[in-house]
Amino acid sequence: MDLEINEERHLVCSLREERRPVEPCSIIIFGASGDLTARKLIPALYHDFKAQLLPADFRVIGVARRDKTDDSWRGELREALDRFSRTQPVEPGVWDRFAANVSYCQGDLTEPQVYQHLERRLESFGNEGLKQRLLLYLATMPSQFGIVAEQLQVAGLLQHGNQGAGWQRLVVEKPFGHDLPSAHELNRELTRFASEAQVFRIDHYLGKETVQNILMFRFSNSVFERLWNRDAIDHVQITVSEQQGIGDRGGYYEETGALRDMVQNHLLQVLALITMEPPVSLEAEAVRDEKVKLIRSIRPMSPEDVVRQVVRGQYFAGSVEGKQRLGYRQEPKVDPGSNVETFVALKLFIDNWRWSGVPFFLRTGKNLPLGASEVRVQFRRTPHVLFAAECGSRLDANALTIRLQPNEGILLRFNGKVPGTSMAVRPVRMHFSYDAEFGAYTPEAYERLLLEAMAGDATLFIRRDEVETAWQIVDAIRSAWQGVPLSNREFYAAGTWGPIAADDLLAQSGHAWHAPMPVK
44 MDLEINEERH LVCSLREERR PVEPCSIIIF GASGDLTARK LIPALYHDFK
94 AQLLPADFRV IGVARRDKTD DSWRGELREA LDRFSRTQPV EPGVWDRFAA
144 NVSYCQGDLT EPQVYQHLER RLESFGNEGL KQRLLLYLAT MPSQFGIVAE
194 QLQVAGLLQH GNQGAGWQRL VVEKPFGHDL PSAHELNREL TRFASEAQVF
244 RIDHYLGKET VQNILMFRFS NSVFERLWNR DAIDHVQITV SEQQGIGDRG
294 GYYEETGALR DMVQNHLLQV LALITMEPPV SLEAEAVRDE KVKLIRSIRP
344 MSPEDVVRQV VRGQYFAGSV EGKQRLGYRQ EPKVDPGSNV ETFVALKLFI
394 DNWRWSGVPF FLRTGKNLPL GASEVRVQFR RTPHVLFAAE CGSRLDANAL
444 TIRLQPNEGI LLRFNGKVPG TSMAVRPVRM HFSYDAEFGA YTPEAYERLL
494 LEAMAGDATL FIRRDEVETA WQIVDAIRSA WQGVPLSNRE FYAAGTWGPI
544 AADDLLAQSG HAWHAPMPVK
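Just so we're aligned, residue 44 is where the sequence shown starts under the numbering used here, counting upward by one.
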C-alpha cells in the first residue's frame, strides 16, 4: 500500500507553473462595513497571508460611510475572525503581522472627497506598486457599481484598459442585475470606465475546490468522458439544498426569490461545467467560451413549456431537525400574501449533439431537510436480457454522484453479487472522499478567488455574455409566472424535500428525485 501511495505521489502533475506571481498591490474594499467583509473577505485574506500566498508587500484598505479609525476597524475584524475563521484559534502573531497592512478610509462613496483621501493614503505608502496595482472590490449594492467606478476614474485611480503602468481590476458581487435589461445596463455602465478584461464578476461557487474538480474529473479521465453523452446517460439531477430559511433577509428575498438567487448563477454554472465541451486550452477565455456556448444551447422555453417544465414552491411552517420553523409568509419583512418562490425545480434540455434528448433536472430550495450540493449522473439501464430480464426494475441503474458539499467526494454506484450460494444482486458503492484522500484541508472559495483576481486570471469569474445569456433563461420563466398565484401543490412544509408538484415533474418521465446522502 505504501509503495502504491508513493507511486501516486510521483504522478502529481502541477499545472500552470508559468502563471505570473501575485505582485505587490493594494486591495481596496468599498462597502467594507458590510457582512461580506467580516465573514468572507478578511478571513480569506488572513488565510492567504498565513499560507504565504499574498505578495511580500500589500495593503488592505476598507472604505465605508461609518466613522471608524484604523484601530477600531482592526478590532472589529479581529472579533469577526474569531467567529468566522475556518482555522481556530486565530494565531495572534499572524494576525498582528497581517493587521499591520490593514487600514480604514471613511467617507460617502458618492462624494469625490473620499477618493481624494484614498489617493493620499496610497501615496503615503511610498511604493509605486501599491498605488498603481489596485484590486477594487465593490462589496456594495449593484446600484453603486457605476458610481464608484466613475469616481475612481475621475480620481485617476481607474484607467480604462489598464493604460500606463500597473493595473486596476474591478471585482463585483452578485446579484449582477435582477433581469436581462438591468444586467445589460450594469455591464454598459461598468465598461464605460473599465474594459471587460478588468471586470471580475464573482460567483463564489466557482471558487469551491469540488466545483473546480469537475473539469479535472471530466477531462483528465478518459474512462468517464467516453460515457459523457446521450448514448450512456439517461438523465442528470443537480441539487443545491439549504437547511436555512430566509431569516432576516425577507426584504431582499421578496425582490429576488430562489430563481434569481440560485438558479441564474450557481445552478447554471454547475450545469455548464458538467456538460460543456472540452476547451482548446486551460486559458481563461477558452474555458469561458465553452461555458457560454453551452448555456446558449439550453433550449428556450415558451410560457407553455414553463408550465410543464418548471415548478416553484414556497415553504410553510414545519420542523427542520426537530426545530420549528416559521412559514415564509410569517417571516419578517415578507408580504403575508407573497407568491415569491423559496424552491425551484426545472427540467432543461440542451440542444447540441452530445446531449440531445437528455433531460437535466435542477432543484434548489430553502428549509429543506439537508444542506447539500451534488450532481447525480444517472446512466441508462442495461438491455432487458440476462439479469435485467430476471430482476426488471429491481436491477438498479448505474449512477455517478459528485458531492460538492459537505462531505466532498465522488461516488460510483454499480451492481454486485451478494456473497453466498444464492444468485442475488444488489447495488454497491465505490467512493472517493476528499477528506480521506487529501486530509480535511479545503480552502474557502474566496481564498482562491481573491488570489486569482490579484493574478489577473479570469477563469473562475463570469464573463459579460455569460451573465446576460443566463438572464435570458431566467427572464422567460419569470415572465410566465407573472400574475399567477401559487397553487396548493406548490407549497411544502419546512423540513421536507419540496412541493408535490416537484415530484410530479420527474414522475412524468418515469424518474424520481434522489435525496442527497452523506458520503461516509
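For every residue, glycine included, the Cβ atom is placed at its ideal position computed from N, Cα and C.
query, result
"Of the residues Ala226, Ala488, Gly400, Val279, the one placed nearest Ala87, counting alpha carbons only", "Ala488"
"Inter-residue spacing [alpha-carbon to alpha-carbon] between Glu60 and Gln357", "Residue placement at Glu60 is flagged as unreliable, the pLDDT there being 48, under the threshold of 50; a coordinate-derived value is accordingly withheld."
"Under 8 Å between C-beta atoms of Ala513 and Ile338", "yes"
"Coil, strand or helix - Ser265 by DSSP", "helix"
"Beta-carbon separation (whole angstroms), Thr444 vs Glu417, contact threshold 8 Å", "6 Å"
"Trp210 - DSSP class collapsed to helix/strand/coil", "strand"
"C-alpha distance - Asn144 paired with Arg102, whole-angstrom precision", "5 Å"
"Start and end residues, alpha helix (DSSP H) containing His160", "155–167"
"Minimum C-alpha distance to Glu239 - residue among Arg507, Val517, Ala555", "Arg507"
"Residue of Gln421, Ile71, Val330 minimising C-alpha distance to Thr183", "Ile71"
"Supposed contact pair Arg355 and Glu384 - C-beta distance, whole angstroms, cut 8 Å", "4 Å"
"Three-state class that DSSP yields for Arg342 in the structure shown", "coil"
"Alpha-carbon spacing of Arg351 relative to Glu252, whole angstroms", "35 Å"
"Nearest residue (CA-CA) to Trp396, options Ser340, Asp332, Leu549, Gly370", "Ser340"
"Cβ distance (whole Å) where Pro559 is taken to contact Ser284 below 8 Å", "7 Å"
"Residue range of the unbroken beta strand (DSSP E) whose run includes Pro402", "402–408"
"First through last residue of the beta strand (DSSP E) which encompasses Glu417", "415–422"
"Ordered list of alpha helix (DSSP H) runs contained in the stretch 50–137, each at least 4 residues", "85–93, 113–127"
"Local Cβ density within 10 Å of Asn531, reported as buried at 16 or more and exposed below that", "exposed"
"Closest Cα partner of Gly538 within the set Pro412, Asn382, Arg342", "Pro412"
"Rounded separation between Leu200 and Gln211 - CA only", "8 Å"
"CA nearest to the CA of Ile104, picked from Lys93, Trp116, Leu96", "Trp116"
"Length of the line joining the Cα atoms of Leu213 and Leu84", "15 Å"
"Three-state secondary structure assigned by DSSP to Gln367", "strand"
"Element boundaries [beta strand (DSSP E), containing Tyr535]", "534–536"
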